[in-house]
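All residue numbers for the sequence shown refer to the working numbering, where the first residue is -6 and numbers rise by one.
Structure, as C-alpha coordinates:
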Amino acid sequence: MIVVSGIPWKWGIEEIAVVDQYTSLGVEIAKDCSWNAQMSKVAEKGKARAGKLHPILANRHLDTRIKVTVLKSAIVPPLEYAGEVWEGNKKVVRELEAAQMKAAKIILGCSKYTSNAAVRAELGIQSPRSGRDARKLTWQYRMGGMGEEGGRMEGVRHDEDETLETEGLQGFKEKISGGCAEREKQNLRKESKDKEGLEVYGMLKEGIGFKDYLHGPMDAGTKLKVKFRTGDIGLRERRRRHRTVDEEDDEFKCDCGFECEDRVHVVAECPLYKKERELYMTELGKIDGTYREMFEAWNREERTVAVLGHRRWVEKAGRDIVRIDRLGKTFLSHLWQSRKERLAIGDRSCGNNAPSSRGRVVNGQTAMACKT
(Lines of atoms letter the chains of each structure in order from A and count residues from 1; the text may use other names and numbers.)
(Lines give C-alpha, C1' and ligand atoms only; values in the text may rest on other atoms or scores of the structure.)
Protein backbone atom coordinates (compact mmCIF):
# COMPACT_ATOMS: atom_id res chain seq x y z
CA MET A 1 0.00 0.00 0.00
CA ILE A 2 1.00 3.65 -0.33
CA VAL A 3 0.94 5.74 2.83
CA VAL A 4 -0.61 9.23 2.57
CA SER A 5 0.56 11.85 5.11
CA GLY A 6 1.89 9.14 7.38
CA ILE A 7 -1.59 7.79 8.13
CA PRO A 8 -1.73 3.99 7.90
CA TRP A 9 -4.51 2.11 6.12
CA LYS A 10 -6.53 -0.53 7.88
CA TRP A 11 -8.74 -3.45 6.91
CA GLY A 12 -11.19 -3.54 9.77
CA ILE A 13 -9.00 -3.40 12.81
CA GLU A 14 -5.99 -4.93 11.05
CA GLU A 15 -3.34 -2.55 9.81
CA ILE A 16 -2.25 -3.13 6.22
CA ALA A 17 1.50 -3.65 5.82
CA VAL A 18 3.52 -1.22 3.72
CA VAL A 19 5.56 -3.00 1.01
CA ASP A 20 7.69 -1.94 -1.93
CA GLN A 21 6.21 -4.63 -4.19
CA TYR A 22 2.96 -6.56 -4.17
CA THR A 23 1.57 -9.42 -6.23
CA SER A 24 -2.03 -9.10 -7.33
CA LEU A 25 -3.61 -11.70 -9.63
CA GLY A 26 -0.14 -12.81 -10.64
CA VAL A 27 1.01 -9.30 -11.56
CA GLU A 28 3.93 -7.67 -9.74
CA ILE A 29 2.99 -4.10 -8.78
CA ALA A 30 5.97 -1.98 -7.70
CA LYS A 31 6.05 1.10 -5.48
CA ASP A 32 7.93 3.08 -8.16
CA CYS A 33 5.25 2.17 -10.75
CA SER A 34 7.77 0.36 -13.00
CA TRP A 35 6.99 -2.99 -14.63
CA ASN A 36 10.54 -4.33 -14.65
CA ALA A 37 9.88 -6.85 -11.87
CA GLN A 38 6.77 -8.14 -13.67
CA MET A 39 8.54 -8.52 -16.99
CA SER A 40 11.57 -10.23 -15.44
CA LYS A 41 9.23 -12.65 -13.68
CA VAL A 42 7.38 -13.39 -16.92
CA ALA A 43 10.63 -13.87 -18.86
CA GLU A 44 12.02 -16.30 -16.28
CA LYS A 45 8.78 -18.25 -16.28
CA GLY A 46 8.91 -18.52 -20.07
CA LYS A 47 12.55 -19.67 -20.05
CA ALA A 48 11.80 -22.24 -17.34
CA ARG A 49 8.83 -23.57 -19.29
CA ALA A 50 10.96 -23.84 -22.45
CA GLY A 51 13.59 -25.74 -20.46
CA LYS A 52 11.06 -28.25 -19.13
CA LEU A 53 9.64 -28.80 -22.60
CA HIS A 54 13.05 -29.11 -24.28
CA PRO A 55 12.73 -32.92 -24.74
CA ILE A 56 9.53 -32.35 -26.76
CA LEU A 57 10.81 -29.36 -28.74
CA ALA A 58 14.04 -31.15 -29.66
CA ASN A 59 12.44 -34.53 -30.45
CA ARG A 60 13.39 -35.18 -34.07
CA HIS A 61 10.62 -37.76 -34.48
CA LEU A 62 7.76 -35.38 -33.68
CA ASP A 63 5.96 -33.44 -36.40
CA THR A 64 7.11 -29.81 -36.39
CA ARG A 65 3.48 -28.65 -36.28
CA ILE A 66 3.05 -30.39 -32.91
CA LYS A 67 6.09 -28.56 -31.55
CA VAL A 68 4.78 -25.20 -32.76
CA THR A 69 1.46 -25.94 -31.06
CA VAL A 70 3.35 -26.62 -27.82
CA LEU A 71 5.19 -23.33 -28.25
CA LYS A 72 2.02 -21.33 -28.82
CA SER A 73 -0.06 -23.01 -26.12
CA ALA A 74 2.45 -23.64 -23.32
CA ILE A 75 5.32 -21.15 -23.67
CA VAL A 76 3.89 -18.00 -25.26
CA PRO A 77 0.85 -17.51 -22.92
CA PRO A 78 3.00 -16.95 -19.80
CA LEU A 79 5.00 -14.36 -21.75
CA GLU A 80 1.81 -12.43 -22.55
CA TYR A 81 0.01 -12.87 -19.21
CA ALA A 82 -1.72 -9.61 -18.18
CA GLY A 83 0.00 -7.88 -21.09
CA GLU A 84 -2.93 -5.45 -21.18
CA VAL A 85 -1.55 -3.49 -18.24
CA TRP A 86 2.25 -3.65 -18.32
CA GLU A 87 5.13 -2.62 -20.53
CA GLY A 88 8.85 -2.32 -19.83
CA ASN A 89 12.14 -0.98 -21.08
CA LYS A 90 14.01 -2.28 -24.11
CA LYS A 91 16.34 -4.48 -22.07
CA VAL A 92 13.53 -6.45 -20.44
CA VAL A 93 11.59 -6.59 -23.71
CA ARG A 94 14.62 -8.32 -25.26
CA GLU A 95 14.55 -10.85 -22.42
CA LEU A 96 10.95 -11.72 -23.29
CA GLU A 97 11.83 -12.15 -26.95
CA ALA A 98 14.83 -14.28 -26.00
CA ALA A 99 12.57 -16.63 -24.03
CA GLN A 100 10.31 -17.13 -27.05
CA MET A 101 13.19 -17.42 -29.50
CA LYS A 102 15.02 -19.99 -27.38
CA ALA A 103 12.13 -22.41 -27.83
CA ALA A 104 11.60 -21.54 -31.52
CA LYS A 105 15.25 -22.12 -32.40
CA ILE A 106 15.25 -25.46 -30.60
CA ILE A 107 12.34 -26.49 -32.84
CA LEU A 108 14.19 -25.52 -36.02
CA GLY A 109 17.53 -26.87 -34.82
CA CYS A 110 19.36 -23.63 -35.60
CA SER A 111 21.87 -21.65 -33.55
CA LYS A 112 21.17 -18.77 -31.19
CA TYR A 113 22.71 -16.39 -33.74
CA THR A 114 20.00 -17.04 -36.35
CA SER A 115 17.83 -14.01 -37.13
CA ASN A 116 14.78 -13.80 -34.86
CA ALA A 117 12.69 -12.28 -37.66
CA ALA A 118 13.54 -15.16 -40.01
CA VAL A 119 12.74 -17.79 -37.35
CA ARG A 120 9.34 -16.20 -36.64
CA ALA A 121 8.62 -16.05 -40.37
CA GLU A 122 9.49 -19.74 -40.81
CA LEU A 123 7.21 -20.89 -37.99
CA GLY A 124 4.47 -18.30 -38.54
CA ILE A 125 4.59 -16.86 -35.02
CA GLN A 126 4.33 -13.24 -33.95
CA SER A 127 6.67 -11.30 -31.69
CA PRO A 128 5.79 -10.89 -27.98
CA ARG A 129 5.33 -7.19 -28.63
CA SER A 130 2.55 -7.82 -31.16
CA GLY A 131 0.82 -10.14 -28.69
CA ARG A 132 0.89 -7.50 -25.95
CA ASP A 133 -0.26 -4.75 -28.31
CA ALA A 134 -3.22 -6.86 -29.44
CA ARG A 135 -4.21 -7.49 -25.82
CA LYS A 136 -3.96 -3.79 -24.95
CA LEU A 137 -6.09 -2.68 -27.89
CA THR A 138 -8.72 -5.36 -27.23
CA TRP A 139 -8.89 -4.35 -23.57
CA GLN A 140 -9.29 -0.66 -24.52
CA TYR A 141 -12.09 -1.58 -26.91
CA ARG A 142 -13.91 -3.43 -24.16
CA MET A 143 -13.41 -0.58 -21.71
CA GLY A 144 -14.81 1.83 -24.27
CA GLY A 145 -18.08 -0.14 -24.29
CA MET A 146 -18.59 -0.23 -20.53
CA GLY A 147 -20.84 2.78 -20.24
CA GLU A 148 -24.51 2.61 -19.32
CA GLU A 149 -26.49 -0.06 -21.18
CA GLY A 150 -23.32 -1.30 -22.84
CA GLY A 151 -22.78 1.98 -24.66
CA ARG A 152 -19.61 4.01 -24.83
CA MET A 153 -17.89 5.10 -21.67
CA GLU A 154 -19.24 8.41 -20.49
CA GLY A 155 -16.87 11.33 -20.35
CA VAL A 156 -14.58 9.83 -22.97
CA ARG A 157 -14.21 11.78 -26.20
CA HIS A 158 -14.43 9.50 -29.26
CA ASP A 159 -13.14 10.71 -32.61
CA GLU A 160 -15.42 9.21 -35.26
CA ASP A 161 -12.71 9.58 -37.91
CA GLU A 162 -10.40 7.40 -35.85
CA THR A 163 -13.00 4.73 -35.14
CA LEU A 164 -12.43 1.43 -36.94
CA GLU A 165 -15.29 0.30 -39.13
CA THR A 166 -15.92 -3.04 -37.47
CA GLU A 167 -18.90 -5.07 -36.38
CA GLY A 168 -18.40 -5.79 -32.72
CA LEU A 169 -15.43 -7.18 -30.89
CA GLN A 170 -14.68 -9.95 -33.40
CA GLY A 171 -14.35 -7.48 -36.24
CA PHE A 172 -12.13 -5.28 -34.10
CA LYS A 173 -9.87 -8.24 -33.27
CA GLU A 174 -9.54 -9.02 -36.97
CA LYS A 175 -8.46 -5.44 -37.64
CA ILE A 176 -5.87 -5.66 -34.85
CA SER A 177 -4.58 -8.99 -36.13
CA GLY A 178 -4.23 -7.59 -39.63
CA GLY A 179 -2.39 -4.52 -38.38
CA CYS A 180 0.05 -6.54 -36.28
CA ALA A 181 0.66 -8.95 -39.17
CA GLU A 182 1.43 -6.07 -41.51
CA ARG A 183 3.89 -4.61 -39.00
CA GLU A 184 5.62 -8.00 -38.71
CA LYS A 185 5.91 -8.17 -42.50
CA GLN A 186 7.42 -4.70 -42.68
CA ASN A 187 9.95 -5.57 -39.97
CA LEU A 188 10.88 -8.75 -41.85
CA ARG A 189 11.32 -6.87 -45.13
CA LYS A 190 13.47 -4.22 -43.44
CA GLU A 191 15.66 -6.78 -41.67
CA SER A 192 16.04 -8.88 -44.83
CA LYS A 193 17.20 -5.77 -46.65
CA ASP A 194 19.45 -4.29 -43.97
CA LYS A 195 20.88 -7.26 -42.05
CA GLU A 196 23.89 -9.02 -43.51
CA GLY A 197 23.23 -12.72 -43.99
CA LEU A 198 19.52 -12.40 -44.80
CA GLU A 199 19.96 -11.52 -48.47
CA VAL A 200 18.85 -14.98 -49.57
CA TYR A 201 15.83 -14.90 -47.24
CA GLY A 202 14.81 -11.61 -48.82
CA MET A 203 15.09 -13.21 -52.27
CA LEU A 204 12.62 -15.95 -51.28
CA LYS A 205 9.79 -13.40 -50.71
CA GLU A 206 7.60 -15.92 -48.89
CA GLY A 207 6.36 -13.68 -46.08
CA ILE A 208 5.33 -14.85 -42.62
CA GLY A 209 3.58 -18.16 -42.06
CA PHE A 210 4.36 -21.77 -41.22
CA LYS A 211 6.30 -23.05 -44.22
CA ASP A 212 5.06 -26.16 -46.02
CA TYR A 213 8.52 -27.71 -46.22
CA LEU A 214 8.53 -27.98 -42.39
CA HIS A 215 5.62 -30.44 -42.34
CA GLY A 216 6.66 -33.67 -40.69
CA PRO A 217 9.65 -34.42 -38.43
CA MET A 218 12.80 -32.27 -38.53
CA ASP A 219 15.02 -34.67 -40.45
CA ALA A 220 18.55 -33.86 -41.59
CA GLY A 221 17.42 -32.54 -44.99
CA THR A 222 14.85 -30.20 -43.45
CA LYS A 223 17.34 -28.84 -40.90
CA LEU A 224 19.85 -28.24 -43.67
CA LYS A 225 17.26 -26.35 -45.70
CA VAL A 226 16.45 -24.15 -42.67
CA LYS A 227 20.14 -23.32 -42.28
CA PHE A 228 20.59 -22.47 -45.96
CA ARG A 229 17.48 -20.27 -45.95
CA THR A 230 18.31 -18.34 -42.77
CA GLY A 231 22.08 -18.04 -43.28
CA ASP A 232 22.94 -20.25 -40.31
CA ILE A 233 25.12 -22.53 -42.44
CA GLY A 234 28.84 -23.09 -41.97
CA LEU A 235 30.02 -21.66 -45.27
CA ARG A 236 32.80 -19.09 -45.41
CA GLU A 237 30.32 -16.29 -46.03
CA ARG A 238 29.21 -16.66 -42.39
CA ARG A 239 32.81 -16.34 -41.21
CA ARG A 240 33.16 -13.23 -43.36
CA ARG A 241 30.20 -11.61 -41.60
CA HIS A 242 32.07 -11.98 -38.31
CA ARG A 243 35.54 -11.32 -39.70
CA THR A 244 38.31 -9.70 -37.70
CA VAL A 245 40.64 -6.99 -38.94
CA ASP A 246 43.42 -9.56 -39.34
CA GLU A 247 41.51 -11.78 -41.78
CA GLU A 248 42.16 -11.29 -45.48
CA ASP A 249 39.55 -11.61 -48.25
CA ASP A 250 41.34 -14.68 -49.62
CA GLU A 251 40.36 -16.62 -46.49
CA PHE A 252 36.70 -16.51 -47.55
CA LYS A 253 37.17 -17.60 -51.16
CA CYS A 254 35.51 -20.73 -52.45
CA ASP A 255 37.91 -23.56 -53.21
CA CYS A 256 36.98 -23.22 -56.89
CA GLY A 257 38.47 -19.70 -56.88
CA PHE A 258 35.23 -17.68 -56.64
CA GLU A 259 35.51 -14.53 -54.51
CA CYS A 260 33.36 -15.90 -51.68
CA GLU A 261 31.91 -19.26 -50.72
CA ASP A 262 28.31 -18.08 -50.32
CA ARG A 263 24.97 -19.88 -50.61
CA VAL A 264 23.99 -18.57 -54.05
CA HIS A 265 27.32 -19.59 -55.55
CA VAL A 266 27.39 -23.02 -53.91
CA VAL A 267 23.80 -23.94 -54.77
CA ALA A 268 23.54 -22.48 -58.26
CA GLU A 269 26.91 -22.53 -60.00
CA CYS A 270 29.95 -23.83 -58.10
CA PRO A 271 31.74 -26.35 -60.36
CA LEU A 272 32.79 -28.37 -57.31
CA TYR A 273 29.19 -29.56 -56.98
CA LYS A 274 28.45 -30.04 -60.67
CA LYS A 275 27.77 -33.77 -60.21
CA GLU A 276 25.22 -33.16 -57.43
CA ARG A 277 23.55 -30.38 -59.42
CA GLU A 278 23.36 -32.53 -62.54
CA LEU A 279 21.72 -35.33 -60.56
CA TYR A 280 19.20 -32.82 -59.18
CA MET A 281 18.32 -31.61 -62.67
CA THR A 282 18.02 -35.17 -63.96
CA GLU A 283 15.54 -36.02 -61.22
CA LEU A 284 13.64 -32.80 -61.97
CA GLY A 285 13.32 -33.93 -65.54
CA LYS A 286 11.89 -37.26 -64.42
CA ILE A 287 9.09 -35.42 -62.61
CA ASP A 288 8.39 -33.29 -65.67
CA GLY A 289 10.69 -32.66 -68.62
CA THR A 290 9.91 -28.95 -68.63
CA TYR A 291 11.12 -28.52 -65.03
CA ARG A 292 14.72 -29.21 -65.99
CA GLU A 293 14.47 -26.80 -68.89
CA MET A 294 13.11 -24.12 -66.59
CA PHE A 295 15.87 -24.64 -64.04
CA GLU A 296 18.61 -24.51 -66.66
CA ALA A 297 17.19 -21.28 -68.08
CA TRP A 298 17.13 -19.44 -64.73
CA ASN A 299 19.98 -17.25 -63.49
CA ARG A 300 21.95 -18.01 -60.31
CA GLU A 301 19.57 -16.17 -57.96
CA GLU A 302 16.50 -17.81 -59.48
CA ARG A 303 18.06 -21.25 -59.20
CA THR A 304 18.83 -20.65 -55.53
CA VAL A 305 15.25 -19.57 -54.88
CA ALA A 306 13.99 -22.68 -56.71
CA VAL A 307 16.04 -25.02 -54.49
CA LEU A 308 15.48 -23.23 -51.17
CA GLY A 309 11.90 -22.05 -51.70
CA HIS A 310 8.83 -22.73 -53.79
CA ARG A 311 7.98 -19.34 -55.34
CA ARG A 312 9.57 -20.24 -58.68
CA TRP A 313 7.48 -23.42 -58.93
CA VAL A 314 4.03 -22.33 -57.77
CA GLU A 315 2.57 -21.41 -61.14
CA LYS A 316 4.13 -24.18 -63.21
CA ALA A 317 4.42 -27.09 -60.79
CA GLY A 318 1.72 -26.69 -58.16
CA ARG A 319 0.81 -30.36 -58.10
CA ASP A 320 4.46 -31.43 -57.79
CA ILE A 321 5.59 -29.01 -55.07
CA VAL A 322 6.00 -31.73 -52.43
CA ARG A 323 8.18 -33.92 -54.70
CA ILE A 324 10.28 -30.94 -55.78
CA ASP A 325 10.76 -29.88 -52.17
CA ARG A 326 11.89 -33.40 -51.21
CA LEU A 327 14.26 -33.42 -54.17
CA GLY A 328 15.72 -30.07 -53.13
CA LYS A 329 16.44 -31.36 -49.62
CA THR A 330 18.18 -34.40 -51.09
CA PHE A 331 20.29 -32.14 -53.33
CA LEU A 332 21.36 -30.01 -50.35
CA SER A 333 22.21 -33.13 -48.35
CA HIS A 334 24.36 -34.54 -51.16
CA LEU A 335 26.02 -31.15 -51.69
CA TRP A 336 26.84 -30.74 -48.01
CA GLN A 337 28.15 -34.29 -47.67
CA SER A 338 30.36 -33.76 -50.71
CA ARG A 339 31.75 -30.58 -49.17
CA LYS A 340 32.54 -32.30 -45.88
CA GLU A 341 34.31 -35.18 -47.63
CA ARG A 342 36.31 -32.83 -49.85
CA LEU A 343 37.44 -30.73 -46.87
CA ALA A 344 38.32 -33.87 -44.93
CA ILE A 345 40.59 -35.04 -47.75
CA GLY A 346 42.10 -31.57 -48.10
CA ASP A 347 42.81 -31.39 -44.38
CA ARG A 348 45.15 -34.37 -44.51
CA SER A 349 48.00 -32.12 -45.50
CA CYS A 350 50.58 -32.72 -42.77
CA GLY A 351 51.76 -36.14 -43.93
CA ASN A 352 51.07 -39.54 -42.35
CA ASN A 353 47.34 -38.88 -42.89
CA ALA A 354 47.32 -36.29 -40.07
CA PRO A 355 44.62 -33.62 -40.30
CA SER A 356 45.50 -29.95 -40.54
CA SER A 357 45.26 -27.31 -37.82
CA ARG A 358 41.88 -26.01 -38.94
CA GLY A 359 40.00 -28.84 -37.25
CA ARG A 360 37.20 -29.35 -39.77
CA VAL A 361 33.98 -30.99 -38.67
CA VAL A 362 33.56 -34.28 -40.51
CA ASN A 363 30.57 -36.60 -39.99
CA GLY A 364 29.78 -34.88 -36.72
CA GLN A 365 33.34 -35.22 -35.31
CA THR A 366 35.96 -32.50 -35.11
CA ALA A 367 39.26 -33.49 -36.67
CA MET A 368 41.96 -31.89 -34.53
CA ALA A 369 45.05 -30.87 -36.44
CA CYS A 370 48.76 -31.05 -36.21
CA LYS A 371 50.66 -27.85 -36.87
CA THR A 372 53.12 -27.61 -39.69
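Glycine included, each C-beta is placed from N, C-alpha and C at the ideal position.
- Taking a C-beta distance under 8 Å as the contact criterion, Ser170 and Glu269 do not qualify as a contact pair.
- Exclusion of the five residues before and after Lys218 leaves Tyr206, Leu301, Gly321, Lys322 and Leu325 as the residues of its chain whose Cβ lies within less than 8 Å of its Cβ.
- Counting the other CB atoms within 10 Å of its CB gives Pro48 a total below 16, which places it among the exposed residues.
- In the three-state DSSP reduction, Val78 falls in the coil class, being neither helix nor strand.
- Remark: three or more beta-carbon pairs, one from each stretch, lie closer than 8 Å, so the segment 11 to 31 and the segment 80 to 92 are flagged as touching.
- Per DSSP, Val307 lies in no beta strand (DSSP E) segment and is marked neither H nor E.
- The C-alpha of Tyr106 is placed about 33 Å away from the C-alpha of Gly19.
- Note on geometry: alpha-carbon atoms of Gly76 and Ile9 lie some 28 Å from one another.
- Taking every protein chain shown into account, the CB of Ala290 has fewer than 16 other CB atoms within 10 angstroms, so this residue is exposed.
- The DSSP-derived three-state label of Ile0 is strand.
- Inside the segment 236 to 313, DSSP marks whole alpha helix (DSSP H) runs of 4 or more residues at positions 256 to 261, 267 to 280, 282 to 290 and 293 to 301, from first to last along the chain.
- Contact between the segment 121 to 140 and the segment 252 to 268 is absent: fewer than 3 CB-CB pairs across the two stretches fall below 8 Å.
- Counting only residues of its own chain and dropping the five nearest sequence neighbours on each side, Arg229 has a CB closer than 6 Å to the CB of Phe245 and Glu254.
- Gly202 and Ile59 have their C-alpha atoms roughly 15 Å apart.
- Taking 8 Å as the cut-off, the Cβ atoms of Ile118 and Leu50 do not count as close.
- The residues Asn109, Ser120 and Pro121, in chain order, have a CB closer than 7 Å to that of Glu90 in the same chain once the five nearest residues on each side in sequence are set aside.
- Check the Cα spacing between Gly190 and each of Phe165, His54 and Phe221: the tightest is with Phe221.
- Scanning its chain for C-beta atoms nearer than 6 Å, with the 5 sequence neighbours on each side dropped, one finds around Gly124 the residues Glu73, in chain order.
- Annotation: the continuous alpha helix (DSSP H) that includes Gln133 extends over Pro121 to Gly137.
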